[in-house]
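Engineer: Under the UniProt record's numbering, the first residue of the sequence shown is numbered 1, with each subsequent residue one higher. Here a beta-carbon is modelled for each residue, glycine too, at the ideal position from N, C-alpha and C.
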Amino acid sequence: MSEQNIILVTGGSGLVGKAIQTVVESEQPKNEKWIFLTSKDANLCDYASTKKLFETHKPTHVIHLAAMVGGLFHNMSHNLDFLRNNLHMNDNVLQISYEFGVKKVVSCLSTCIFPDKTTYPIDETMVHNGPPHPSNYGYSYAKRLIDIANRAYHEQHGCMFTSVIPCNVFGPHDNYNLESSHVIPGLIRKLYDSIERGEDIFAVMGSGKPLRQFIYSLDLAKLFLWVLRDYNEVDPIILSVDETSEVTIKELAEELAKAFDFKGKIAFDITKADGQYKKNCQQCKITSLFA
Numbered sequence: 001m002s003e004q005n006i007i008l009v010t011g012g013s014g015l016v017g018k019a020i021q022t023v024v025e026s027e028q029p030k031n032e033k034w035i036f037l038t039s040k041d042a043n044l045c046d047y048a049s050t051k052k053l054f055e056t057h058k059p060t061h062v063i064h065l066a067a068m069v070g071g072l073f074h075n076m077s078h079n080l081d082f083l084r085n086n087l088h089m090n091d092n093v094l095q096i097s098y099e100f101g102v103k104k105v106v107s108c109l110s111t112c113i114f115p116d117k118t119t120y121p122i123d124e125t126m127v128h129n130g131p132p133h134p135s136n137y138g139y140s141y142a143k144r145l146i147d148i149a150n151r152a153y154h155e156q157h158g159c160m161f162t163s164v165i166p167c168n169v170f171g172p173h174d175n176y177n178l179e180s181s182h183v184i185p186g187l188i189r190k191l192y193d194s195i196e197r198g199e200d201i202f203a204v205m206g207s208g209k210p211l212r213q214f215i216y217s218l219d220l221a222k223l224f225l226w227v228l229r230d231y232n233e234v235d236p237i238i239l240s241v242d243e244t245s246e247v248t249i250k251e252l253a254e255e256l257a258k259a260f261d262f263k264g265k266i267a268f269d270i271t272k273a274d275g276q277y278k279k280n281c282q283q284c285k286i287t288s289l290f291a
C-alpha cells in the first residue's frame, strides 16, 4: 500500500485488536492512518449505525474483528444469539464496505468453523466439508458465511474481501470473564480465584484430554498486517503455530499451576463437556507463500 490509506479496525478493543494496535504503534507506518473502533462507536448489527461509521471515517481498508464471542459453555447456551448477532454485523460490514468502495476487507474467522468429523491436520480447503461441532454451531455457521460472502462479492462485484483463520489466541487484554472467556484466560481466572480463596483445588471443566494449538496475540497481529498488505486472495488463510505444537488442556492446566506456583491438586470435572476434541490445523499455505 503506497498511498495514504485509512484502515478501520472493528473490535479494536479486543484481544487481537489491541495486539494489532501495539504492533502498528511500534512500526509507525507513514502511509497508513489506523482507526480502532469499539462497540461504543457503533452498533454493527444495525445497518444505519454501521453506515454512519463509514461515512465518518471513509476507510480504504477494513480489518473486521468485531464479533459476539465466548467460550464453550457460553456458546452452548446461546447458539441463536451467536448466529443472529454475527450474521447481522458481518453482513453490514461487508455490504457497506462494498457500497463505499473499500479496497480490501480482512475478516477474522476461527478454527471452530471446521467440520467436527474430519481428517487431520485440517487446511483451508476443508471449511465447508461437513457440520461444525454442535456446541458452537451458531457462531461457526455465521463465520463460515463470511467466506461464502467474500467469494460472492468478488464474483459479482470484483471486491477483494478475504479472511484469516487463527488457531486459539491468547495474550494481553484477553477476556477473563468466567462466563464468556476462552480456555487460557478462563483457566487463569479460575486458578487465580482459587488461590485468592485459599483453596487447594484447581477445578478444570472436562476431562483435560482435548488438544489445542495456541498463538500469541502479538505474533498473530504481525501476520494480520502481512495479510492486509500482501495477501491478495479471496480464499481464507490459516494463521497458526505449527501443527506439531498441540497441547492438551491437562498440560495447559499443569503449566498454569506451575507458573502460579500452585501446590494444590488439579481436579478435572468429567461431568462437564469437553467440546471438540481436536482442531489441529496446518500452515502449509502461509509457509509456501513465504518460501
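1) Does the beta-carbon of Leu220, which I'm using as the reference point, lie nearer than 8 Å to any heavy atom of the ligand GTP?
2) My guess is that Ala221 and Val69 are in contact by the Cβ rule of under 8 Å, so how many angstroms apart are they, rounded?
3) Can you give the Cα-Cα distance for Ile6 and Lys33, rounded to whole angstroms?
4) Look up Tyr216 in the DSSP assignment and say whether it is helix, strand or coil.
5) Please classify Leu80 as buried or exposed, where buried requires at least 16 neighbouring CB atoms within 10 angstroms.
6) Return the chain-ordered ranges of every alpha helix (DSSP H) run that is complete within the stretch 37 to 96 and spans a minimum of 4 residues.
7) Starting from Asp261, trace the alpha helix (DSSP H) both ways and give me its first and last residue.
8) Helix or strand or just coil, what does DSSP make of Ser110?
9) Note down, in chain order, each residue of its chain lying with its Cβ closer than 7 Å to the Cβ of Leu256, except the 5 sequence neighbours on either side.
10) Cys281 and Phe100 - do their beta-carbons sit closer together than 9 Å?
11) Gly208 to Ser77, Cα distance in whole Å?
12) Where Val127 and Arg197 are concerned, what is the direct C-alpha to C-alpha distance, given to the nearest angstrom?
13) Can you give me the C-alpha to C-alpha distance between Ile122 and Pro29, rounded to a whole angstrom?
14) In chain order, what residues of the same chain have a beta carbon less than 7 Å from the beta carbon of Tyr98, not counting five sequence neighbours either side?
15) In angstroms with no decimal places, state the Cα-to-Cα distance between Asn31 and Leu37.
16) Give the list of continuous alpha helix (DSSP H) stretches no shorter than 4 residues that lie fully inside the stretch 124 to 157.
17) Based on the DSSP secondary-structure assignment, which residues constitute the bridge partners of Asn5?
18) Among Asp242, Asp261, Leu218 and Val164, which has the Cα closest to the Cα of Thr111?
19) Buried or exposed for Ser39, please, with buried defined as at least 16 other CB atoms from any protein chain shown within 10 angstroms of its CB.
20) So the beta strand (DSSP E) Val234 belongs to, where does it begin and stop?
21) I'd like the span of the beta strand (DSSP E) that includes Thr244, first residue to last.
22) Glu243 to Asp230, Cα distance in whole Å?
23) Taking DSSP's pairing of strands, which residues face Thr162 in a bridge?
24) Which word fits Thr162, buried or exposed, when buried means at least 16 other C-beta atoms lie within 10 angstroms of its C-beta?
25) Leaving aside the five residues before and after Asn86 along the sequence, list all residues of the same chain whose C-beta is less than 6 Å from its C-beta, in chain order.
26) Could you spell out the range, first to last residue, of the beta strand (DSSP E) harbouring Phe268?
Structural biologist: Walking through what the data contain:
1) By its list of ligands, the structure shown contains no ligand whatsoever, and the ligand GTP lies outside what it can speak to.
2) For the purposes of this step, residue 221 is taken as residue 221 along the sequence shown, with counting starting at 1. For the purposes of this step, residue 69 is taken as residue 69 along the sequence shown, with counting starting at 1. About 17 Å; that fails the 8 Å criterion.
3) Reading the sequence shown from its first residue, position 6 is the one you call residue 6. Reading the sequence shown from its first residue, position 33 is the one you call residue 33. The C-alpha of Lys33 is placed about 5 Å away from the C-alpha of Ile6.
4) Here residue 216 refers to the residue found at position 216 when the sequence shown is read from its first residue. Reduced to three states, the DSSP call for Tyr216 is strand.
5) By 1-based counting over the sequence shown, the position of residue 80 is 80. With fewer than 16 other Cβ atoms within 10 Å, it is exposed.
6) 47 to 57 and 72 to 77, all fully within the stretch 37 to 96.
7) Residue 261 sits at position 261 when you count from the first residue of the sequence shown. Neither: Asp261 is in no alpha helix (DSSP H) and is coded neither H nor E.
8) Residue numbering aside, residue 110 sits at position 110 when the sequence shown is read from its first letter. Coil at Ser110, not helix or strand.
9) Taking the first residue of the sequence shown as position 1, residue 256 is located at position 256. Leu187, Ile188 and Leu191.
10) The sequence position of residue 100 within the sequence shown is 100, counting from 1. The sequence position of residue 281 within the sequence shown is 281, counting from 1. Not a contact, by the Cβ cut-off of 9 Å.
11) Position 208 of the sequence shown, counting from 1, holds the residue named residue 208. Position 77 of the sequence shown, counting from 1, holds the residue named residue 77. Straight-line Cα distance between these residues: approximately 21 Å.
12) Residue 127 sits at position 127 when you count from the first residue of the sequence shown. Residue 197 sits at position 197 when you count from the first residue of the sequence shown. Taking the straight line joining both Cα atoms gives about 43 Å.
13) As a working note, residue 122 is residue 122 in the sequence shown. As a working note, residue 29 is residue 29 in the sequence shown. Note on geometry: alpha-carbon atoms of Ile122 and Pro29 lie some 35 Å from one another.
14) Reading the sequence shown from its first residue, position 98 is the one you call residue 98. So the qualifying residues of the chain are Tyr153, His157 and Cys159.
15) Along the sequence shown, one-based indexing puts residue 31 at 31. Along the sequence shown, one-based indexing puts residue 37 at 37. One Cα belongs to Asn31, the other to Leu37, and the distance between them is close to 20 Å.
16) 137 to 157
17) Position 5 of the sequence shown, counted from the first residue, corresponds to residue 5. DSSP output for Asn5 lists Glu32 as bridge partner(s).
18) Numbered from its first residue, the sequence shown carries residue 111 at position 111. Between Thr111 and the set Asp242, Asp261, Leu218 and Val164, the nearest pair of CA atoms involves Val164.
19) Translated into positions along the sequence shown, residue 39 becomes position 39. With fewer than 16 other Cβ atoms within 10 Å, it is exposed.
20) Residue 234 sits at position 234 when you count from the first residue of the sequence shown. Val234 -> no beta strand (DSSP E), and no H or E assigned at all.
21) For the purposes of this step, residue 244 is taken as the residue at position 244 of the sequence shown. Careful: Thr244 lies outside any beta strand (DSSP E) and carries neither H nor E.
22) The residue given as residue 243 occupies position 243 in the sequence shown. The residue given as residue 230 occupies position 230 in the sequence shown. The alpha-carbon separation between Glu243 and Asp230 amounts to approximately 24 Å.
23) Here residue 162 refers to the residue found at position 162 of the sequence shown. Paired residues: Val106.
24) The residue you call residue 162 lines up with position 162 of the sequence shown. So Thr162 ends up on the buried side.
25) Within the sequence shown, the letter at position 86 stands for residue 86. Within the same chain, Asn86 has close Cβ partners Ala67, Met68 and Ala142.
26) In the sequence shown, the residue the question calls residue 268 occupies position 268. Element bounds for Phe268: Lys265 to Asp269.
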